[in-house]
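Remarks on the structure that follows.
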Amino acid sequence: MPDLPTPKDAAEAALLSECWDAVLSYADLCTSGSAAATRLATEAFTHGITELRAATAASKSTGTGRRVLRLPRIPLMLTSVRAAATAWEAGGLGHRLDPDLRLWLHSEKATRYTGPPLHRPVALRGLQDMQEPDAALLWLAEVESLPLPAVARRLGLDPSAVATELTQVRALFRDRCHRNHLDTPMDADCRSYARLMDAVTRSSGAETPGDLSRHLARCVRCAEAAACLRLHGGGLPAAISGGVIGWGGRAYLERRRRAAEAGLVGGRTDATVDTGLAEGGPVRPRIGRTGILVAAAVVSALALTVSLMPFGGSHGGGTPSSGAPDERQPVAEPVPSLPVATSGSPATATATATAASTARPEAGSDPEAQGESSEPADKSHRPADVTKSASADCEVKYEIVNEWPDGFQATVTVTSAEPLSAWRLGWTFDDGQRVGQMWDGTFAQDDARVTATAADYNKSVPANGTFAFGFLGSWSGANSAPHGFTLNNGRCDDGS
Numbered sequence: 043m044p045d046l047p048t049p050k051d052a053a054e055a056a057l058l059s060e061c062w063d064a065v066l067s068y069a070d071l072c073t074s075g076s077a078a079a080t081r082l083a084t085e086a087f088t089h090g091i092t093e094l095r096a097a098t099a100a101s102k103s104t105g106t107g108r109r110v111l112r113l114p115r116i117p118l119m120l121t122s123v124r125a126a127a128t129a130w131e132a133g134g135l136g137h138r139l140d141p142d143l144r145l146w147l148h149s150e151k152a153t154r155y156t157g158p159p160l161h162r163p164v165a166l167r168g169l170q171d172m173q174e175p176d177a178a179l180l181w182l183a184e185v186e187s188l189p190l191p192a193v194a195r196r197l198g199l200d201p202s203a204v205a206t207e208l209t210q211v212r213a214l215f216r217d218r219c220h221r222n223h224l225d226t227p228m229d230a231d232c233r234s235y236a237r238l239m240d241a242v243t244r245s246s247g248a249e250t251p252g253d254l255s256r257h258l259a260r261c262v263r264c265a266e267a268a269a270c271l272r273l274h275g276g277g278l279p280a281a282i283s284g285g286v287i288g289w290g291g292r293a294y295l296e297r298r299r300r301a302a303e304a305g306l307v308g309g310r311t312d313a314t315v316d317t318g319l320a321e322g323g324p325v326r327p328r329i330g331r332t333g334i335l336v337a338a339a340v341v342s343a344l345a346l347t348v349s350l351m352p353f354g355g356s357h358g359g360g361t362p363s364s365g366a367p368d369e370r371q372p373v374a375e376p377v378p379s380l381p382v383a384t385s386g387s388p389a390t391a392t393a394t395a396t397a398a399s400t401a402r403p404e405a406g407s408d409p410e411a412q413g414e415s416s417e418p419a420d421k422s423h424r425p426a427d428v429t430k431s432a433s434a435d436c437e438v439k440y441e442i443v444n445e446w447p448d449g450f451q452a453t454v455t456v457t458s459a460e461p462l463s464a465w466r467l468g469w470t471f472d473d474g475q476r477v478g479q480m481w482d483g484t485f486a487q488d489d490a491r492v493t494a495t496a497a498d499y500n501k502s503v504p505a506n507g508t509f510a511f512g513f514l515g516s517w518s519g520a521n522s523a524p525h526g527f528t529l530n531n532g533r534c535d536d537g538s
């Protein structure tokens, strides 16, 4: 299996942190198994970062000051997944791809995304015609479904003004799509409806005339354009994802929505790195060493992809969640087919805990050094719980969201009644489980005792606020829920 390219600087390390989980999520939709998904994602990311390096070098060498038309980073990497899948099909590796994708790759629908520019979907052309920071704002908010405060943090925007900026960017996208639709070679029938379609889609209260409605039911390209022009009604995210990605656009959109709802968002980067505004200038890594950032990014990506499988699935039996868009084709496709997960129902274990102390450890200190000893693995020899304090309670939810013969993926969600300037959560495993990788936090494990410490961007928690993190682990024989939860050295009652 090929290795990921080594980032040359902090900007490329941030790119890996930001994009890898999205790339792996889409690659999982495109393939027949997790191993194939990882390989496809790796090849796609390698191709994408090589393309970005070449484009950056070309823009610097010409010195013309002209903007290179390109997609924002995440959709650019997703189109690299599609390109890598095409290469697999041509190179005899098509058996590793989803069968529906293989059919799509041999249809005229696929050629639209790589054919003559004027024949490509208007959403793809419209997004490319925008300034990259504007396009990134639109994509993160509409397709990745990130909360606006998170979008503002990523792009270095004023949180109080980001909603207004998004409204302006959506209108700009509509304008670009309208212009591209008029530039598209079309027959006289489509041309006659172009201006009427523009007028009807501008107002949420305007009724669609019957003749236009019948035309949109027959003409895929005009229907795609109408979806991009209609900013109301909630159809814009699907129009963007389907028009830019192509096959599986709506299924990807649903995965990202559910991941955002669960708080499983991608890596956070500095604004100047994330937006591309500081290309050619100095960039500041978010942590001290690029190597650590890269490792954390890979950890986050692998774990997030596994966590998304129950939400949108990979392949195999089962049925999609009720009410979820069941789409795996471009936006105009009338009959969607969302892939489903192969893994069995995830096991879930929940522990509700009440903290016994308000003590706060010093930053970087080891909980074992504070006089706390790891509890024995045998439940029958657990020490008695200390007296609980009513003034400092917390609620801990431990959930195994996926499990396979020798490993599992879990998330931990903690709600603290008191504000925290930093947090450190500890627990004890009973069955010899080992944590291998963690995201949204760092970990240390001493025998059965595990301690998770906050990352620098999620260490502050308001009163009655919640923080969460996840990890990949290994197990053998049994995989019961841990016990002995502690928050900042205050012992918690795990309910056993």
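The sequence shown begins at 43 in the working numbering and counts up by one. For glycine and all other residues, C-beta sits at the position ideal for the given N, C-alpha and C. As the structure is a computational prediction, the values presented were derived from the model and not from experiment.
Between residue i and residue j, which are expected to be in contact by the criterion C-beta below 8 Å, what is the C-beta distance as a whole number of angstroms?
| i | j | result |
| --- | --- | --- |
| Phe509 | Val456 | 6 Å |
| Ala520 | Asp488 | With a Cβ gap of about 21 Å, Ala520 and Asp488 do not count as contacting. |
| Ser74 | Leu147 | In fact, because the Cβ distance is near 14 Å, the residues do not count as touching under 8 Å. |
| Val185 | Ile91 | Not confirmed; about 21 Å, so no contact. |
| Val193 | Leu214 | Contact flag wrong, Cβ pair sits at about 16 Å. |
| Ala496 | Ala464 | 6 Å |
| Ala494 | Gly483 | 5 Å |
| Leu190 | Val204 | 5 Å |
| Pro117 | Leu169 | 7 Å |
| Trp517 | Gln475 | 5 Å |
| Phe471 | Val492 | 7 Å |
When burial is assigned at 16 or more other CB atoms within 10 Å of the CB, is residue i buried or exposed?
| i | result |
| --- | --- |
| Asp200 | exposed |
| Glu95 | The question names Glu, but residue 95 is Arg in the sequence shown. Exposed: under 16 other Cβ atoms inside 10 Å. |
| Thr156 | exposed |
| Ala55 | buried |
| Pro114 | buried |
| Arg237 | exposed |
| Gly290 | buried |
| Gly284 | buried |
| His252 | The residue asked about is misnamed: residue 252 is Gly in this sequence, not His. Per the 10 Å Cβ criterion, exposed. |
| Ser433 | Because Ser433 carries a pLDDT of 40, less than 50, the predicted location of this residue cannot be relied on, and no value is offered for it. |
| Arg81 | buried |
| Pro145 | In the sequence under discussion, the amino acid at residue 145 is Leu, which differs from the Pro named in the question. Result: exposed. |
| Tyr440 | buried |
| Arg196 | buried |
| Pro279 | buried |
| Tyr235 | buried |
| Asp70 | buried |
| Gly42 | This structure cannot settle anything about residue 42, because the visible part of the chain is limited to 43 through 538. |
| Ala490 | buried |
| Arg297 | buried |
| His257 | buried |
Can you tell me whether DSSP reads residue i as helix, strand or coil?
| i | result |
| --- | --- |
| Asp488 | strand |
| Gly532 | strand |
| Gly519 | coil |
| Gln210 | helix |
| Ser502 | coil |
| Phe471 | coil |
| Arg218 | helix |
| Ala434 | With a pLDDT of 43 at Ala434, under the threshold of 50, the modelled position of that residue is not reliable, and the figure given next carries that caveat. Coil. |
| Glu369 | At Glu369 the pLDDT is 40, less than 50, meaning the model places this residue with poor confidence; the figure from the coordinates comes in the next sentence. Residue state, collapsed to three classes: coil. |
| Met172 | coil |
| Thr73 | strand |
| Val185 | coil |
| Trp146 | helix |
| Ala494 | strand |
| His274 | coil |
| Ser202 | coil |
| Ala86 | helix |
| Tyr294 | helix |
| Met239 | helix |
| Leu135 | coil |
Quick one: does the C-beta of residue i sit closer than 6 Å to a heavy atom of the ligand ADP?
| i | result |
| --- | --- |
| Val262 | Among the components modelled here there is no ligand, and therefore nothing to report on the ligand ADP. |
With a threshold of 7 Å between beta carbons, is residue i in contact with chain D?
| i | result |
| --- | --- |
| Ala259 | Looking at the structure shown, chain D is missing, and only one protein chain is on hand. |
> Using 8 Å as the threshold, is the region 160 to 170 in touch with the region 214 to 227, meaning 3 or more CB pairs across them?
Replying inline: With a cut-off of 8 Å, the region 214 to 227 and the region 160 to 170 count as touching, because enough Cβ pairs lie within range.
> Quick one: any contact between the region 263 to 271 and the region 124 to 136, if contact means 3 or more CB pairs under 8 Å?
Replying inline: Counting Cβ pairs under 8 Å, fewer than three are found: no touch.
>> Can you confirm whether the region 293 to 301 touches the region 238 to 246 when touching is taken to mean that 3 or more C-beta pairs between the two stretches lie within less than 8 Å?
In response: The region 238 to 246, when compared against the region 293 to 301, does not touch it at the 8 Å Cβ threshold.
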